[in-house]
Amino acid sequence: MSDPLKLIAQSEKDLQIIAATLQDMTVRIGDMAWLPHEQKFAFVGNRFRWEKKGWFRRPKGTRIRTAFHLNGITSAKLHQIDLKDSDTVLELLDIQAQEHDSGVTFRLMFAGGPAIHLSAETIDGLVTDIGESWDAIARPRHDLDDAGFQ
116 MSDPLKLIAQ SEKDLQIIAA TLQDMTVRIG DMAWLPHEQK FAFVGNRFRW EKKGWFRRPK
176 GTRIRTAFHL NGITSAKLHQ IDLKDSDTVL ELLDIQAQEH DSGVTFRLMF AGGPAIHLSA
236 ETIDGLVTDI GESWDAIARP RHDLDDAGFQ
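Heads up: the sequence shown begins at 116 in our numbering, then just goes up one per residue.
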């Protein structure tokens, strides 16, 4: 495997780096899991490798299979996500964490409005590349007009 990425999150700042790294990752609903007895939320998806250079050789970029999990998760709530639609693919836009007196609230936001809200006592996460990269079909594009910006 060439240059696998492995990142650990133990603070809001760490999670911001992970969120930027995972931006535009595609995830099948069936590849997400909340394991309440283990207090873990995890998913596996296809991460766009924003950190890689070489646009002349691979102008559309590359993707790699990547695993992400958060430990200590005490609750999970889904918004506009139906677990029965296990083959539906979501595109991750951002992961936010807000620390407060009773713990941490995480918000995973996906393109088109779906979101996952998680609660935990602390920030404890991991991102790991788990395969070989391949040429992407296209570079992710962000149309700011769709987000309400001019």
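Don't be surprised by glycine CBs; every beta carbon is placed ideally from N, CA and C. Note that the structure is a prediction, hence the values are computed from the model and not measured.
Query                                                                                                                                : Result
Kindly indicate the opening and closing residues of the alpha helix (DSSP H) around T203.                                            : No alpha helix (DSSP H) contains T203, which DSSP labels as neither H nor E.
In whole angstroms, give me the CA-to-CA distance for K121 and L241.                                                                 : 7 Å
List the endpoints of the continuous beta strand (DSSP E) containing T237.                                                           : Neither: T237 is in no beta strand (DSSP E) and is coded neither H nor E.
Give me the Cβ distance between A226 and L208, rounded to the nearest whole Å; I'm assuming they're in contact under 8 Å.            : 6 Å
Counting C-beta neighbours from all protein chains within 10 Å, is the total for W149 16 or more, i.e. buried, or is it exposed?     : buried
What does a CB cutoff of less than 8 Å around M116 pick up in its chain, not counting 5 residues either side in sequence?            : Bear in mind that a pLDDT of 48 at M116, under 50, signals an unreliable position, so the number given afterwards is only what the model happens to contain. Closer than 8 Å at the Cβ level, and outside the excluded window around M116, lie D244, G246 and E247.
State buried or exposed for R254, treating a residue as buried only when at least 16 other CB atoms are found within 10 Å of its CB. : exposed
Tell me the rounded alpha-carbon separation between A182 and T220.                                                                   : 20 Å
Hey, how far is the Cα of F156 from the Cα of I132?                                                                                  : 19 Å
Quick one: give me the first and last residue of the beta strand (DSSP E) that K155 is part of.                                      : K155 to F163
Could you check which residue in H184, H232, S217 and H215 has the C-alpha nearest to that of L223?                                  : H232
Thinking C-beta only, is I238 closer than 9 Å to Q125?                                                                               : yes
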